[in-house]
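Residue numbers (UniProt numbering): 1 to 571. Read the structure below first, then the notes.
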């Protein structure tokens, strides 16, 4: 028996035979071609075949996983339409008289190397996209079949170095009970898709592919991040029991779907969900969400070759507001930049895009883009309970300027005879330490705050959370972070305003008791985290949690906080 440790990327327990999803032999050798025109034509045919396959995968992903996951494959199709990738390949074939697969690999490797060297997670993901589509094209050129996980017809655990988005989207949930990979983290495409599909997954084991053979019996524990290879009957029995307990727990959570979120001492807090597209609303309602705490509108702008129109945006916002039937919907205005780029905007490359021209900074300069979005939001406002928030606010003037533009567009719409709600709350994200420190001043202007802990933590600790060498500094429970959160909550409450949190920390079982004690009003998380969070909060006393506030804030290390919380709240 062998035990591997990784990262629990999708909760649940799976036990089945291992199915190694191995890379095909795509070894490419350089060959001279006599008919360069025919070789370019052969390359074009391989591109078209690959596009056709990706269209089918995209349709499958749309049906099974929703629009935002399908957009990954729209991006792949765009890569195969990008002249910056295709033209150099054709030029290489024509100028050097080399075979298409060699020209494709040389060109793609150059782009992958360039993107992977950038200190920018978005660009690193683009490298993965290029690698994925290149593999498909070269497979067609070599006549090698690319593995198709959708053809699996028996219950298995997938074992792979990594799963590409196209691999994951093709998994048949009837037969693929779980998967484990050598590399990856909770924010990788495969992990996000696994959670959407509710397939147990452990990523980042480092050695799964070298330690696990085809046919080995494997246990994937996505709750604790463990992978057990060829376990004894007793160990299997133990995990079967754990799996049954987890299913019972899920059934208990499901009973809470129509209940409000109330603490043991009768205090109500709001449990909301983070969404990316209108299709995600179904998951919010099925999991008992009381609101949408973060609608990431940038998905409307991504995976396409031009800006969405005002009417396209209006229809998307209207759809979400109507489906939520009067429950609050907090919409974040365009947050592009950093790890999210729009190729069609042709923005200049930056040394450090996370600290650069992004989010509200871009919107205040590119006002036509911003005003179009605000008009669409304002027109949709009468169809539900809309709240608008601005991202990446660093100084008070940015918020005031953004709000002034919004009010200008509102006045224009009203003068044109359009219906606009008079009850739209206008708030902002707290992601930058300077904003948290000055929260008492911002609180005079805003209607609410939403704390984006993913960025707040990495900016406060000066540590990129995607960089494995400094990931130990990504510490949600660090007293420095908790003090900043406290500054924001206390400043807002003093002005009679409410505070939400939409970073991953809001759904973290260890963080919830602390945040409850600090006075957080709204917790926004992935939809599948809502019912477990509601169950936890029902068993917590807000008064008791608050009584530990000063003691926790006086601690000096993350470890002290974690140990204290586990002990006091039996976690």
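All C-beta atoms, glycine included, are put in the ideal place defined by N, C-alpha and C.
- DSSP places residue 328 in the uninterrupted beta strand (DSSP E) bounded by 328-332.
- Separation of residue 358 and residue 174 (C-alpha to C-alpha, rounded to the nearest whole angstrom) is 42 Å.
- DSSP places residue 385 outside any alpha helix (DSSP H); the residue lies instead in the beta strand (DSSP E), whose first and last residues are 385-390.
- Per DSSP, residue 294 is one residue of the beta strand (DSSP E) stretching across 291-296.
- Bridge partners of residue 268 according to DSSP: 262.
- For residue 535, the uninterrupted alpha helix (DSSP H) segment begins and ends at 530-538.
- A buried status is given to residue 140, since no fewer than 16 other beta-carbon atoms sit within 10 Å of its beta-carbon.
- Residue 232: not part of any beta strand (DSSP E); DSSP gives it neither H nor E.
- Taking residue 138 as the centre and dropping the five residues before and after it, the same chain places the C-beta of 26, 28, 101, 104, 105 closer than 7 Å to its C-beta, in chain order.
- Burial state of residue 76 is buried, judged by a 10 Å Cβ sphere holding 16 or more other Cβ atoms.
- Boundaries of the alpha helix (DSSP H) around residue 93: 83-96.
- Contiguous alpha helix (DSSP H) elements confined to the segment 418-489 occur at 433-437, 439-442, 453-461, taking only those with 4 or more residues.
- As a beta-bridge residue in DSSP terms, residue 16 pairs with 218.
- DSSP, read as helix, strand or coil, puts residue 394 in coil.
- Residue 365 places its beta carbon 7 Å or farther from that of residue 336.
- With 16 or more other CB atoms across the displayed protein chains lying within 10 angstroms of its CB, residue 428 is buried.
- The C-beta separation of residue 257 from residue 291 comes to about 15 Å, leaving the pair out of contact by the 8 Å criterion.
- Per the coordinates, the alpha-carbon of residue 269 lies some 11 Å from the alpha-carbon of residue 533.
- Taking each of 346, 392, 403, 383 in turn and checking the Cα distance to residue 371, the smallest one comes out for 403.
- Spatial neighbours of residue 524 in its own chain (CB-CB distance under 6 Å, excluding positions within 5 residues in sequence) are listed in chain order as 272, 274, 293, 294, 500, 502, 506.
- Taken atom to atom, the span from the alpha-carbon of residue 391 to that of residue 453 is near 12 Å.
- With respect to residue 384, residue 321 sits close: the two C-beta atoms are nearer than 7 Å.
- For residue 524, DSSP records a beta bridge to 272.
- Of the candidates 283, 278, 264, the residue whose Cα lies closest to the Cα of residue 312 is 278.
- In its chain, beyond the 5 residues on either side, 136 have a beta carbon closer than 7 Å to the beta carbon of residue 53.
- The three-state secondary structure of residue 198, taken from DSSP, is coil.
- Looking at the backbone, the Cα of residue 8 and that of residue 353 are separated by about 29 Å.
- Residue range 7-10 is occupied by the beta strand (DSSP E) that includes residue 10.
- The continuous beta strand (DSSP E) containing residue 500 extends over residues 498-501.
- Boundaries of the alpha helix (DSSP H) harbouring residue 552: 549-553, taken from the DSSP string.
- When 164, 479, 216 are compared, the shortest CA-CA separation from residue 203 is found for 164.
- Straight-line measurement puts the Cα of residue 108 at about 31 Å from the Cα of residue 63.
- In the pairwise beta carbon analysis, the segment 8-24 is classified as touching the segment 209-221: at least three pairs are separated by under 8 Å.
- CA-CA distance, residue 308 to residue 114, rounds to 29 Å.
- Proximity of the segment 81-95 to the segment 34-44 meets the contact definition, three or more beta-carbon pairs being nearer than 8 Å.
- With respect to the 7 Å criterion, residue 547 and residue 265 are not classified as neighbours on the basis of their beta carbons.
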